[in-house]
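Chemist: I am attaching a structure below and will ask some questions about it afterwards.
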């Protein structure tokens, strides 16, 4: 009875709490969502093409069900693009460093909070993915970001 009364009194707060939990910076699923979005943008920059189906997109199902296995598969396939990586690093060093730094930060957070956890991902995955893509779309990265960096260099 007391539980029902408390539930009725606070039920409108529950979805907000659940939403906050799914969008938590420390949620494993959220972090993997961000990582996939970064992998996609990184590959687009490597290939210098924005309208492609990326390795990460091809491995969505694998990473959502077996994140460690999927992550390793994506890393291996991206590693095979060594010549494009060298060109990307030389032509856009600031953007390259930013992307690699972002990947490293997310890896470190996942590995420190959830070592060897290969359980399926939850709903937070899509929130992390969308948040990272929104950040990219807001000109914080990608071609608009690169143009902005080059403009600043030119002004100096």
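Residue numbers (my numbering): 40 to 195.
Just so it is clear, CB atoms sit at the ideal spot from N, CA and C, and this is done for glycine as well.
(1) Pick from 177, 151, 85: whose alpha carbon is nearest that of residue 66?
(2) Taking all protein chains shown into account, decide if residue 130 is buried (16 or more other Cβ within 10 angstroms of its Cβ) or exposed.
(3) Out of 82, 87, 107, 105, which has the shortest C-alpha to C-alpha gap to residue 95?
(4) For a test of the three-state rule: what should DSSP assign to residue 153, helix, strand or coil?
(5) Quick one: what does DSSP say residue 172 is sitting in, helix, strand or coil?
(6) How far does the alpha helix (DSSP H) with residue 110 in it extend, from its first residue to its last?
(7) Kindly indicate the opening and closing residues of the alpha helix (DSSP H) around residue 63.
(8) Evaluate residue 87 with the Cβ neighbour count: other Cβ atoms within 10 Å of its Cβ, from every protein chain shown; 16 or more gives buried, anything less gives exposed.
(9) Apply the 10 Å Cβ neighbour rule to residue 140 and answer buried if 16 or more other Cβ atoms are within range, or exposed otherwise.
(10) With DSSP as the reference, label residue 140 as helix, strand or coil.
(11) Between the beta-carbon of residue 75 and the beta-carbon of residue 168, is there less than 8 Å?
(12) According to DSSP, simplified to helix, strand and coil, what is residue 4?
(13) Cβ atoms of residue 145 and residue 85: under 8 Å apart, would you say?
(14) Consult DSSP for residue 98 and reduce its assignment to one of helix, strand or coil.
(15) With a threshold of 6 Å on Cβ separation, who are the neighbours of residue 79 within its own chain once the five nearest residues in sequence on each side are excluded?
Modeler: If we stick to the structure as given:
(1) Taking the chain shown and counting its residues from 1, the one referred to as residue 66 is at position 27. Of the candidates 177, 151, 85, the residue whose Cα lies closest to the Cα of residue 66 is 151.
(2) Residue mapping note: residue 130 aligns to position 91 of the chain shown, counting from 1. By the neighbour-count rule (16 or more Cβ atoms within 10 Å), residue 130 is not buried but exposed.
(3) Taking the first residue of the chain shown as 1, we reach residue 95 at position 56. Nearest option by C-alpha distance: 82.
(4) The residue you call residue 153 lines up with position 114 of the chain shown. Coil.
(5) Indexing the chain shown from 1 puts residue 172 at position 133. Residue 172 falls in the helix class under three-state DSSP.
(6) The sequence position of residue 110 within the chain shown is 71, counting from 1. Note, residue 110: alpha helix (DSSP H), 106 to 118.
(7) In the chain shown, residue 63 corresponds to position 24, counting from 1. Run containing residue 63: none; DSSP gives neither H nor E here.
(8) Residue numbering aside, residue 87 sits at position 48 when the chain shown is read from its first letter. Exposed is the call here.
(9) The residue you call residue 140 lines up with position 101 of the chain shown. Exposed: under 16 other Cβ atoms inside 10 Å.
(10) Position 101 of the chain shown, counting from 1, holds the residue named residue 140. In the structure shown, residue 140 sits in a helix (DSSP, three-state: H, G or I).
(11) Numbered from 1 along the chain shown, position 36 holds the residue referred to as residue 75. Numbered from 1 along the chain shown, position 129 holds the residue referred to as residue 168. Against a cut-off of 8 Å, the Cβ pair of residue 168 and residue 75 comes out as a contact.
(12) Because the chain spans 40 through 195 in this model, residue 4 falls outside it and cannot be assessed.
(13) Here residue 85 corresponds to residue number 46 of the chain shown, with the count starting at 1. Here residue 145 corresponds to residue number 106 of the chain shown, with the count starting at 1. No, the pair does not count as a contact, with Cβ atoms beyond the cut-off.
(14) What you label residue 98 is simply residue 59 of the chain shown in a count that begins at 1. Of the three classes helix, strand and coil, the one that applies to residue 98 here is coil, per DSSP.
(15) Counting from one through the chain shown, the residue named residue 79 turns up at place 40. So the list reads 93, 95, once near-sequence residues are dropped.
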